[in-house]
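Following my numbering, the numbering of the sequence shown begins with 29 at its first residue and continues without gaps.
What follows is a set of notes on a single structure, which appears directly below.
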Amino acid sequence: MSMNNQGRPSTPNAAGAVAEHKTFTGNKALQIEEPLLFEIGRNDVTGVDIDVPLDFKPRLGGHRRTTAIDLPGLSEPEAMRHYVRLSQKNYAIDMGLYPLGSCTMKHNPRLNEKMARLPGFADVHPLQPLSTVKGAVELIAQLGRWLLVTTGMASVAMSPKAGAHGELCGMMAIKAALKARGENRSKVLVPESAHGTNPATAALLGYKVVTIPAREDGTVDPASVRALLDDQVAAIMLTNPNTCGLFERDIKEIADAVHEVGAYFYCDGANFNAIVGKAKPGELGVDAMHINLHKTFSTPHGGGGPGAGPVVLSDKLAPFAPVPYVRFEGDTAEFIETRAEAKEHGDTPFGRMTAFHGQMGMFIRALSFMLSHGCDGLKQASEDAVLNANYIRVGLQDLMSLPFGERAYMHEVLFDDTFLKGTGVTTLDFAKAMIDEGYHPMTMYFPLVVHGALLIEPTESESLASLDLFIATLRDLVMAAKSGESERFTGAPWHSPRRRLDETAAARKPVLKWTRPAPAEAAE
Numbered sequence: 029m030s031m032n033n034q035g036r037p038s039t040p041n042a043a044g045a046v047a048e049h050k051t052f053t054g055n056k057a058l059q060i061e062e063p064l065l066f067e068i069g070r071n072d073v074t075g076v077d078i079d080v081p082l083d084f085k086p087r088l089g090g091h092r093r094t095t096a097i098d099l100p101g102l103s104e105p106e107a108m109r110h111y112v113r114l115s116q117k118n119y120a121i122d123m124g125l126y127p128l129g130s131c132t133m134k135h136n137p138r139l140n141e142k143m144a145r146l147p148g149f150a151d152v153h154p155l156q157p158l159s160t161v162k163g164a165v166e167l168i169a170q171l172g173r174w175l176l177v178t179t180g181m182a183s184v185a186m187s188p189k190a191g192a193h194g195e196l197c198g199m200m201a202i203k204a205a206l207k208a209r210g211e212n213r214s215k216v217l218v219p220e221s222a223h224g225t226n227p228a229t230a231a232l233l234g235y236k237v238v239t240i241p242a243r244e245d246g247t248v249d250p251a252s253v254r255a256l257l258d259d260q261v262a263a264i265m266l267t268n269p270n271t272c273g274l275f276e277r278d279i280k281e282i283a284d285a286v287h288e289v290g291a292y293f294y295c296d297g298a299n300f301n302a303i304v305g306k307a308k309p310g311e312l313g314v315d316a317m318h319i320n321l322h323k324t325f326s327t328p329h330g331g332g333g334p335g336a337g338p339v340v341l342s343d344k345l346a347p348f349a350p351v352p353y354v355r356f357e358g359d360t361a362e363f364i365e366t367r368a369e370a371k372e373h374g375d376t377p378f379g380r381m382t383a384f385h386g387q388m389g390m391f392i393r394a395l396s397f398m399l400s401h402g403c404d405g406l407k408q409a410s411e412d413a414v415l416n417a418n419y420i421r422v423g424l425q426d427l428m429s430l431p432f433g434e435r436a437y438m439h440e441v442l443f444d445d446t447f448l449k450g451t452g453v454t455t456l457d458f459a460k461a462m463i464d465e466g467y468h469p470m471t472m473y474f475p476l477v478v479h480g481a482l483l484i485e486p487t488e489s490e491s492l493a494s495l496d497l498f499i500a501t502l503r504d505l506v507m508a509a510k511s512g513e514s515e516r517f518t519g520a521p522w523h524s525p526r527r528r529l530d531e532t533a534a535a536r537k538p539v540l541k542w543t544r545p546a547p548a549e550a551a552e
């Protein structure tokens, strides 16, 4: 039976466009306008009852505060509502497809979270005696073994807490190995398509960064590498698959050339998610590689941490792995805490990266992901990630432009902004319009080797329906841009809690401190 719609519209738009109405609160239904904490609370109240302390003699001397601390006091409901409302303004992988290229924003299974919250793991403290944390040490060792098997490497340093931290660790191991040979080399080769952390890491360690140009197909030419090699080159830092989403097919030849001059091959492991179970970096000539557990093995990503960036090392670099580390005597895992203990086993660690042994919660999540998938499952995840990226490529390549042609990509597909030429719509405008459609934009303007880059990485997490909707959305946006609907883009985002900022002013003249408004009576 059909609904009686006589005299009233039966669809939201049947009565014509609805004008946006202002509200007294500034709220838009469930989209709550959220003030700053300083605007919610008062510095003369507190949400916590604290007893008046007994008389005591302060030890601060001249450092004792002489003015009010001027922090807002909030009740528990006020604090809770503030942070819940803020969280609802953020995009997240738990809300939808997160297409950031080269960031691998994949689903973190709830099983991982359940395992990380088991009391025996969640309650472990880094200062506990080793005799009380044997299970944790065994878990670290087991995770390390999985990393060694999947990469084909000889040793692993588990303590680095992020990808860039792992890069630093691997390059410090290379520097230590060169020093042990009595060499003090001065240069590191870095492809121009590399992640920005690569040249930054090399420069931090005092190396001169020498850029390797990309050839027309987006990969590194072994001839270009050979032309730059000499006895001052300490290492090459290369990502494979690279940041253009392409597999460096000449990686073995490049590695051989680097080794011929006594240098080392550092591989950025950010894109390892594309080749797990398909190719082992150790068999490709790699000497060191960090692994972003949050990218490849699903631990949480973003928010400034916690993270984990273990580094796998070849047999040439294994003796220089930093303490602490886990070694095996038969099937027994032994925790090596100090340099002195390491030297008893013939190792010469370059030092220590962190106070303790990395992020236990991330280790648990990563191992849970590995064990639940198994070897075949990890391989399938990589294959599905590549399949999804190429599905998007095929679904969009007739409307959007591919800088390297209609070829097979790996885990991510790279478009450029040529398709927007003549529309009056910029790459940034296109990204802002995606926000209105409920998507976080893909990585924009990176890698730098492609003008107006749009780098999309769907990962293996997305279903066919999810990919189809994403493709259809981008197709609609492209056709709208080409048909002259410029206002849809140049004014976007229209529906977000905040409209478009003056990004140049925000970058050059940021307001980093909240200033309390003058009292109303002072304003009069």
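All C-beta atoms in this analysis are idealised placements derived from N, C-alpha and C, irrespective of residue type, glycine included.
In this text, all values refer to a predicted model and were calculated from it rather than measured experimentally.
By a C-beta neighbour count over all protein chains shown, 10 Å radius and 16 as the cutoff for buried, is residue i buried or exposed?
{"i": "TYR111", "result": "exposed"}
{"i": "ARG544", "result": "exposed"}
{"i": "ALA192", "result": "buried"}
{"i": "ILE264", "result": "buried"}
{"i": "CYS403", "result": "exposed"}
{"i": "SER187", "result": "buried"}
{"i": "GLU488", "result": "buried"}
{"i": "GLN116", "result": "exposed"}
{"i": "LEU125", "result": "buried"}
{"i": "ALA459", "result": "buried"}
{"i": "PHE397", "result": "buried"}
{"i": "ASP79", "result": "exposed"}
{"i": "GLN387", "result": "buried"}
{"i": "ARG393", "result": "buried"}
{"i": "ALA546", "result": "exposed"}
{"i": "LEU492", "result": "exposed"}
{"i": "ALA561", "result": "It is not possible to answer for residue 561, since the shown part of the chain is limited to 29 through 552."}
{"i": "SER511", "result": "exposed"}
{"i": "ASN270", "result": "buried"}
Using the C-alpha atoms, what's the distance from residue j back to residue i?
{"i": "VAL422", "j": "ARG138", "result": "32 Å"}
{"i": "ALA208", "j": "ALA509", "result": "59 Å"}
{"i": "ARG113", "j": "GLY379", "result": "44 Å"}
{"i": "ARG367", "j": "ALA201", "result": "14 Å"}
{"i": "SER159", "j": "GLU362", "result": "11 Å"}
{"i": "LEU540", "j": "ALA534", "result": "10 Å"}
{"i": "GLY452", "j": "ASP284", "result": "48 Å"}
{"i": "GLU485", "j": "LYS371", "result": "44 Å"}
{"i": "PRO53", "j": "ILE68", "result": "Position check: residue 53 holds Thr in this sequence, whereas Pro was assumed. If I take the Cα positions, the gap works out to 14 Å."}
{"i": "TYR235", "j": "SER214", "result": "5 Å"}
{"i": "PRO377", "j": "SER326", "result": "30 Å"}
{"i": "ALA242", "j": "THR229", "result": "20 Å"}
{"i": "GLN425", "j": "LEU442", "result": "10 Å"}
{"i": "ARG93", "j": "MET123", "result": "45 Å"}
{"i": "THR518", "j": "ARG355", "result": "58 Å"}
{"i": "SER38", "j": "LYS407", "result": "Legend: pLDDT at SER38 = 44, less than 50; position of this residue unreliable, no value from coordinates given."}
{"i": "ALA291", "j": "SER252", "result": "16 Å"}
{"i": "TRP542", "j": "PRO521", "result": "26 Å"}
{"i": "LEU88", "j": "ASP98", "result": "19 Å"}
{"i": "GLY466", "j": "HIS223", "result": "27 Å"}
{"i": "ARG173", "j": "SER400", "result": "16 Å"}
{"i": "ASN136", "j": "PRO328", "result": "6 Å"}
{"i": "PRO514", "j": "HIS523", "result": "Note on residue identity: the sequence assigns Ser, not Pro, to residue 514. Each residue's alpha carbon lies about 16 Å from the other."}
{"i": "VAL286", "j": "GLY313", "result": "9 Å"}
{"i": "GLU288", "j": "CYS197", "result": "23 Å"}
Pop quiz: residue i and residue j are said to be a contact at Cβ under 8 Å. What is the actual Cβ separation, rounded to whole angstroms?
{"i": "PHE432", "j": "GLY246", "result": "5 Å"}
{"i": "ALA298", "j": "ASN320", "result": "6 Å"}
{"i": "THR454", "j": "TYR473", "result": "At roughly 11 Å, the Cβ-Cβ gap does not stay under 8 Å, so THR454 and TYR473 are not in contact."}
{"i": "ASP296", "j": "LEU266", "result": "7 Å"}
{"i": "PRO553", "j": "ASP278", "result": "Because the chain is modelled from 29 through 552, residue 553 falls outside the range shown and cannot be assessed."}
{"i": "GLU104", "j": "GLY75", "result": "6 Å"}
{"i": "ALA144", "j": "GLY389", "result": "5 Å"}
Starting from residue i and walking both ways along the alpha helix (DSSP H), at which residues does that stretch end?
{"i": "PHE391", "result": "388-424"}
{"i": "ALA169", "result": "162-179"}
{"i": "VAL506", "result": "492-510"}
{"i": "LEU274", "result": "Premise fails: LEU274 is in no alpha helix (DSSP H) and is neither H nor E."}
{"i": "CYS570", "result": "The chain is shown from 29 up to 552; residue 570 falls before or after that span and cannot be answered."}
Would you list the one or two residues that DSSP bridges to residue i?
{"i": "HIS318", "result": "VAL339"}
{"i": "PHE348", "result": "Per DSSP, none; premise fails for PHE348."}
{"i": "GLU362", "result": "ARG355"}
{"i": "TYR292", "result": "ALA263"}
{"i": "VAL184", "result": "VAL340"}
{"i": "ASP444", "result": "SER429"}
In terms of residues, what are the limits of the beta strand (DSSP E) holding residue i?
{"i": "THR239", "result": "236-240"}
{"i": "ILE306", "result": "The amino acid occupying residue 306 in the given sequence is Lys; Ile does not appear at that position. Element bounds for LYS306: n/a, residue is neither H nor E."}
{"i": "ALA481", "result": "Run containing ALA481: none; DSSP gives neither H nor E here."}
{"i": "PRO219", "result": "215-219"}
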